[in-house]
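Notes follow the structure.
Protein chains: 2
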Amino acid sequence: MARNFEAALADAATAVQSFLAAEIHTPLNVTLGEAMRYAVVGGKGLRGFLAMESARLHGVPALQAVMPAAAIECLHAYSLVHDDLPCMDDDDLRRGQPTVHKKWDEATAVLAGDALHAKAFELLARADFSEKTQVALLWSLARAAGGQGMVGGQAADIAAESAADPLDLDGIMALQKGKTGELITWSCLVGPIIADASLTPLRTYGDALGLAFQITDDILDVEGDAATVGKAVSKDEAAGKATFVSLLGLDGAKRRAAELVESAQDALSPYGKDADTLRAAAQFVLHRKK
Amino acid sequence: MARNFEAALADAATAVQSFLAAEIHTPLNVTLGEAMRYAVVGGKGLRGFLAMESARLHGVPALQAVMPAAAIECLHAYSLVHDDLPCMDDDDLRRGQPTVHKKWDEATAVLAGDALHAKAFELLARADFSEKTQVALLWSLARAAGGQGMVGGQAADIAAESAADPLDLDGIMALQKGKTGELITWSCLVGPIIADASLTPLRTYGDALGLAFQITDDILDVEGDAATVGKAVSKDEAAGKATFVSLLGLDGAKRRAAELVESAQDALSPYGKDADTLRAAAQFVLHRKK
């Protein structure tokens with residue numbers, strides 16, 4: 001049965017973070033473990049929630065779903081720690097707290113990211129599913145995270161900053177599908193992958209949701225204030241970067257995000273009312289303030 | 001049948017590197033793919049060789065063994081690219097060539113390392129083995145590479161540089177088992193994991209080989225010249241770091257390495273003469289000049 005979205009989001013974050021607090025041990029270097037735990041705490045936990053909710057929709061018990069949910073949160077946390085480094089986006093603030101390299105140092109940030117990256121795959125390789133399911137989850141996550149997915153999108157994003165011509169809408173969409181879209185979609189596919197069900201409805205939902213998420217990110221960079229958003233804002237315009245806002249205008253970007261959220265919600269029709277929590281998640285992405 | 005070691009090492013490197021040259025594509029950002037390929041080329045390929053040779057000892061065809069061999073070379077290459085970063089060991093030279101962050105920039109080095117890391121797991125998740133074998137390979141590699149293995153050892157190594165007291169022999173051995181030992185041992189276990197055979201002989205071999213490898217690394221840092229070694233030398237003493245040489249003396253370190261190589265070779269007795277190539281590999285580690 002569908003549940004209140006905010007409660008489901010908070011419950012997923014609690015389950016994932018309490019699991020990871022117990023899971024992350026680094027006997028060779030205590031600081032490394034502290035930095036890893038720091039990096040996975042305090043986020044919205046949207047990807048972990050999406051994984052647990054898509055698993056629930058397919059009858060997977062929460063105790064089993066917490067492993068892939070924790071895996072995607074580790075992977076997401078690693079990507080943020082590396083993205084925040086001085087040689088990348090050079091951010092001092094993340095989730096309203098000092099970034100890992102500000103709280104410790106750059107070496108700790110590189111290594112904590114690397115360790116969280118490996119931890120994501122370790123968790124999937126230990127998860128309580130059939131080996132066929134484990135391999136399907138591992139393969140799809142490695143693809144989504146690597147040079148043809150998230151890391152490729154991040155590299156394209158950095159290259160675009162120093163390129164002579166700003167990207168056009170197709171270029172931005174390809175970049176963002178890699179940088180943020182693939183991992184959001186993977187989170188949504190956890191349930192059907194485990195249940196060996198059709199991937200189509202949740203892939204359509206995830207792709208639309210991921211794009212809407214990025215558009216609202218660009219809108220928050222223009223309209224948000226740093227204290228609420230929890231990270232620096234107005235960075236894109238200062239860097240002269242093409243964004244959905246610079247290409248579509250503020251109203252156009254808002255319209256596009258609303259259309260995407262509507263198609264995301266429509267894609268859930270095979271699941272009926274049981275998918276209302278995911279429908280509410282799409283509304284949340286549209287109206288989020290951070 | 002056992003073969004000439006140098007030929008087997010060169011053949012394994014050719015197989016792995018030609019596979020990876022075709023495998024690594026990054027349509028979202030061409031530079032990223034160039035940096036990834038650059039990072040996997042030109043090394044000795046010892047880990048890939050160990051994986052292929054241990055597979056051969058268990059009757060696994062070379063065409064199948066190339067995937068785990070390529071995976072461990074990707075993982076090793078990622079670790080070198082990140083270790084060379086200015087915030088880590090700050091090295092300009094690797095394998096006689098400019099390090100990735102010198103040839104490109106730090107952001108490219110962080111991302112190329114991250115993409116190679118994901119590629120290692122992707123290759124294992126795609127390899128042509130039973131799903132049970134794939135999960136066993138993936139799980140053990142993720143453990144060996146993460147915060148309790150390689151990354152943990154690297155973090156301990158960096159922490160030791162700024163610690164008030166230098167490490168003692170037990171501390172150095174624990175650190176090195178994490179930093180370099182676990183991945184060398186994993187390479188040696190590829191064959192018995194795939195064949196579902198006893199891990200004991202090749203685990204003993206790999207643990208001793210890995211430790212001998214690190215001791216000879218410390219010896220090369222004292223006795224080698226940068227042009228031959230292909231990276232900066234005399235770094236440990238300059239940094240005031242405890243090493244096997246500082247703790248055992250140069251002669252003591254050489255004796256210890258020779259003893260370890262002998263036990264590594266002894267551990268191979270269940271394989272008879274068929275393991276002579278691995279015995280020669282242990283001799284190579286002892287007498288290597290780079």
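Chains A and B, in that order, give the protein sequences. Going by full-length UniProt numbering, the final residue of the first sequence carries number 290, and the count climbs one at a time with no gaps. Going by full-length UniProt numbering, the final residue of the second sequence carries number 290, and the count climbs one at a time with no gaps. All residues carry an ideal CB built from backbone N, CA and C; glycine is no exception.
Quiz prompt | Complete runs of the alpha helix (DSSP H) confined to the segment 95-177 of chain B [at least 4 residues] | solution = 100-103, 106-126, 131-145, 150-162, 169-176
Check your understanding: Just checking my contact of Gln-154/A with Leu-211/A at CB under 8 angstroms: how many whole Å lie between their CB atoms?
Key -> Walking along the first sequence from the start, residue 154/A turns up at place 154. Walking along the first sequence from the start, residue 211/A turns up at place 211. Not really, about 17 angstroms apart at Cβ, beyond 8 angstroms.
Proximal chain A residues relative to Met-173/B, where beta-carbon distance stays under 7 angstroms: Here residue 173/B refers to the residue found at position 173 when the second sequence is read from its first residue. Listed along the chain, the chain A residues whose CB falls inside 7 angstroms of the CB of Met-173/B amount to none; the nearest CB is some 12 angstroms away.
* Using three-state DSSP, classify Leu-268/B as helix, strand or coil. => For the purposes of this step, residue 268/B is taken as the residue at position 268 of the second sequence. Coil.
In this structure, how does DSSP classify Leu-202/B when only helix, strand and coil are distinguished?
Within the second sequence, residue 202/B is the residue found at index 202, counting from 1. DSSP places Leu-202/B in helix when its eight states are reduced to three.
- Message: Would Gly-45/A and Val-16/A be called neighbours here (beta carbons separated by less than 8 angstroms)?
- Response: Residue numbering aside, residue 45/A sits at position 45 when the first sequence is read from its first letter. Residue numbering aside, residue 16/A sits at position 16 when the first sequence is read from its first letter. The answer is yes: Cβ separation under 8 angstroms.
Review point. By the criterion of Cβ-Cβ separation under 7 angstroms, what are the contact partners of Leu-138/B in chain A?
Key: On the second sequence, position 138 is the one that residue 138/B refers to. What Leu-138/B touches in chain A: Phe-121, Ala-125, Leu-138.
**Message:** My assumption, with CB atoms under 8 angstroms, is that Leu-124/A sits in contact with Pro-68/A. Please give the rounded CB distance.
**Reply:** The sequence position of residue 124/A within the first sequence is 124, counting from 1. The sequence position of residue 68/A within the first sequence is 68, counting from 1. Contact between Leu-124/A and Pro-68/A holds, with the beta-carbon distance rounding to 6 angstroms and staying under 8 angstroms.
Please list the terminal residues of the continuous alpha helix (DSSP H) segment that includes Asp-83/A. The count along the first sequence starts at 1 and reaches residue 83/A at position 83. Segment 62-83, the alpha helix (DSSP H) holding Asp-83/A.
> By the 10 Å Cβ neighbour count, where 16 or more other Cβ atoms means buried, how is Gly-96/B classified, buried or exposed?
Replying inline: Sequence index remark: in the second sequence, residue 96/B carries index 96 (1-based). Gly-96/B comes out exposed.
> How would you list, in chain order, the residues of chain B whose beta-carbon sits under 9 angstroms from the beta-carbon of Asp-114/A?
Replying inline: If you number the first sequence from 1, residue 114/A lands on position 114. Ordered by position in chain B, the residues that pass the 9 angstroms Cβ test against Asp-114/A are Tyr-78, Ser-79, His-82, Gly-113, Asp-114, His-117, Ala-145, Gly-146, Gly-147, Met-150, Val-151, Gln-154.
| request: Determine the burial state of Val-30/B: buried for a count of at least 16 other Cβ atoms within 10 Å of its Cβ, exposed for fewer. | output: Residue 30/B sits at position 30 when you count from the first residue of the second sequence. That one is exposed.
Note down the Cα distance separating Ile-72/A from Ile-184/A, rounded to an integer number of angstroms. Mapped onto the first sequence, residue 72/A falls at position 72. Mapped onto the first sequence, residue 184/A falls at position 184. One C-alpha to the other measures close to 9 angstroms.
CA-CA distance, Gly-149/B and Arg-203/B? As a first step, residue 149/B is located in the second sequence; it is residue number 149 there, counting from the start. As a first step, residue 203/B is located in the second sequence; it is residue number 203 there, counting from the start. Computed Cα separation, rounded: 15 angstroms.
*Using the DSSP secondary-structure output, state which residues sit across from Leu-93/B in a beta bridge.*
On the second sequence, position 93 is the one that residue 93/B refers to. Pro-98/B, per the DSSP bridge assignment.
- Check whether the Cβ of Glu-34/A lies closer than 8 angstroms to any Cβ atom in chain B. What you label residue 34/A is simply residue 34 of the first sequence in a count that begins at 1. Answer no: the Cβ-Cβ gap between Glu-34/A and chain B never drops below 8 angstroms.
Q | Spatially closest choice to Phe-5/A from Val-285/A, Thr-180/A, Ala-281/A, by CA coordinates | A | By one-based count along the first sequence, residue 5/A stands at place 5. Ranking Val-285/A, Thr-180/A, Ala-281/A by Cα distance to Phe-5/A puts Ala-281/A first.
Any C-beta of chain B within less than 9 angstroms: which residues of the segment 202-232 of chain A qualify?
none
Just how far apart, CA to CA, sit Glu-223/B and Met-173/B? The sequence position of residue 223/B within the second sequence is 223, counting from 1. The sequence position of residue 173/B within the second sequence is 173, counting from 1. Looking at the two C-alpha atoms, the distance is approximately 21 angstroms.
TODO: Kindly indicate if chain B contains any beta-carbon less than 8 angstroms away from that of His-4/A.
DONE: Mapped onto the first sequence, residue 4/A falls at position 4. His is not the amino acid found at residue 4/A; the sequence shown has Asn there. Chain B contact via Cβ: absent.
*Using 8 angstroms as the threshold, is the segment 48-65 of chain B in touch with the segment 195-202 of chain B, meaning 3 or more CB pairs across them?*
As far as the Cβ criterion goes, the segment 48-65 of chain B touches the segment 195-202 of chain B, which means the pair count is three or higher.
Range covered by the alpha helix (DSSP H) that runs through Cys-87/B:
For the purposes of this step, residue 87/B is taken as residue 87 along the second sequence, with counting starting at 1. Note, Cys-87/B: premise wrong, no alpha helix (DSSP H); not H, not E.
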